[in-house]
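> Under our numbering, read the sequence shown as residues 116 to 340, first letter to last.
All C-beta atoms in this analysis are idealised placements derived from N, C-alpha and C, irrespective of residue type, glycine included.
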Amino acid sequence: MTDVIERAAVGHAVPHTAGATAGEFPASRKVYVTGSRPDIRVPFREVAQSPTRGANGAVANAPLRVYDTSGAHTDPDLRVEPERGLPPLRRAWILARGDVAPDRAREGGAPLRARDGAAVTQLHYARRGAITPEMEYIAIREDVDAELVRDEVARGRAIIPANINHPEAEPMIIGSKFLVKVNANIGNSAVVSSIDAEVEKMRWATRWGADTIMDLSTGKDIHAT
116 MTDVIERAAV
126 GHAVPHTAGA
136 TAGEFPASRK
146 VYVTGSRPDI
156 RVPFREVAQS
166 PTRGANGAVA
176 NAPLRVYDTS
186 GAHTDPDLRV
196 EPERGLPPLR
206 RAWILARGDV
216 APDRAREGGA
226 PLRARDGAAV
236 TQLHYARRGA
246 ITPEMEYIAI
256 REDVDAELVR
266 DEVARGRAII
276 PANINHPEAE
286 PMIIGSKFLV
296 KVNANIGNSA
306 VVSSIDAEVE
316 KMRWATRWGA
326 DTIMDLSTGK
336 DIHAT
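#1: Using C-beta distances below 6 Å, list every residue in its chain close to serine 185, excluding the 5 sequence neighbours before and after it, in chain order.
#2: Using beta-carbon positions only, say whether tryptophan 208 and threonine 236 come within less than 8 Å of one another.
#3: Use the C-beta contact count for glycine 150: other C-beta atoms within 10 angstroms, 16 or more gives buried, fewer gives exposed.
#4: Considering Cα atoms alone, identify which of Ala312, Val146 and Gly334 is closest to proline 197.
#5: Taking all protein chains shown into account, do 16 or more other C-beta atoms lie within 10 angstroms of the C-beta of proline 153, making it buried, or fewer, making it exposed?
#6: Kindly provide the ranges of any alpha helix (DSSP H) runs that are 4 or more residues long and lie completely inside the stretch 181-256, ordered along the chain.
#7: Which whole-angstrom value describes the C-beta separation of proline 202 and glutamate 283, a residue pair presumed to lie in contact below a C-beta threshold of 8 Å?
#8: Of the residues Val306, Met317 and Gly290, which one's Cα is nearest the Cα of lysine 335?
#9: Helix, strand or coil for valine 314? Go by DSSP, reduced to three states.
#10: At a cut of 8 Å, does the stretch 223-232 reach the stretch 292-304 through at least three beta carbon pairs?
#11: Judging by CA-CA distance, which residue of Gly290, Ala173 and Asn298 is the nearest neighbour of leucine 331?
#12: Please report the straight-line C-alpha distance between valine 174 and arginine 168, rounded to a whole angstrom.
#13: How should lysine 292 be labelled, buried or exposed, when 16 other C-beta atoms within 10 angstroms of its C-beta is the threshold for buried?
#14: For the alpha helix (DSSP H) that arginine 265 lies in, which residues bound it at each end?
#15: Tell me, please, which residues DSSP counts as bridged to valine 146.
#16: Where does the unbroken beta strand (DSSP E) through arginine 168 begin, and where does it stop?
#17: Which value, in whole angstroms, describes the spacing of the CA atoms of alanine 216 and isoleucine 279?
#18: Cα-Cα, which of Val195, Ala163 and Glu249 is closest to leucine 238?
#19: What does a CB cutoff of less than 6 Å around arginine 219 pick up in its chain, not counting 5 residues either side in sequence?
#20: Mapping DSSP to helix, strand and coil, what is alanine 273?
Dropping the structure here:
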């Protein structure tokens with residue numbers, strides 16, 4: 116993997132959503148580590164450390180890089196609007212595999228589906244021996260070898276939630292050989308709350324470390340969420 120850090124500078128700029136859930140953390144900046152291809156850009160939070168002071172003066176400490184779940188909302192170079200969604204960072208990876216097609220029989224747009232005879236899960240790719248961009252992304256994020264990611268998924272000891280119709284989802288892994296993950300819930304209903312309120316809850320959750328979000332929305336307008 117290539118250990119190159121860069122500032123965010125890609126497109127998908129849309130009107131800014133202000134608020135306490137946006138913007139970088141104090142004494143921190145968002146950086147990206149680039150993998151074997153330029154579109155594998157893994158986010159980290161780089162925390163500045165104070166110098167160590169002793170009898171012979173101060174000794175500078177290098178910044179500390181930590182796992183970052185906050186997504187585009189802490190990237191000063193991206194602007195996010197809830198109605199438009201997040202940048203589809205995995206779309207090119209999904210389409211490049213050539214095993215998906217639009218499901219034109221579905222109402223409300225054309226979501227992707229597997230082509231006839233194809234399987235489009237990370238489990239399938241792992242058991243076929245392929246290290247996908249998602250697996251490389253995870254390996255950089257977890258600071259492990261990509262082959263470990265592939266092998267654990269292939270053996271059924273870890274999972275990668277990577278729905279082909281959610282290309283905005285940053286790749287992550289759940290398994291005993293990897294970092295502990297935090298789950299959070301949101302849920303709109305016909306009785307209480309609103310989409311904006313639930314999106315705000317999601318932003319708070321991911322800002323403070325939630326890696327997965329369960330949408331428990333109900334009601335006749337569930338498709339809108």
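This is what the structure holds:
#1: Thr321 and Arg322
#2: no
#3: buried
#4: Ala312
#5: So proline 153 ends up on the exposed side.
#6: 206-211 and 237-242, all fully within the stretch 181-256.
#7: At roughly 6 Å, the Cβ-Cβ gap stays under 8 Å, so proline 202 and glutamate 283 are in contact.
#8: A check of alpha carbon separations from lysine 335 across Val306, Met317 and Gly290 identifies Val306 as the nearest.
#9: Residue state, collapsed to three classes: helix.
#10: no
#11: Closest option to leucine 331, Cα to Cα, is Asn298.
#12: 6 Å
#13: exposed
#14: 261-269
#15: Phe159
#16: 167-169
#17: 11 Å
#18: Glu249
#19: Ala225
#20: strand
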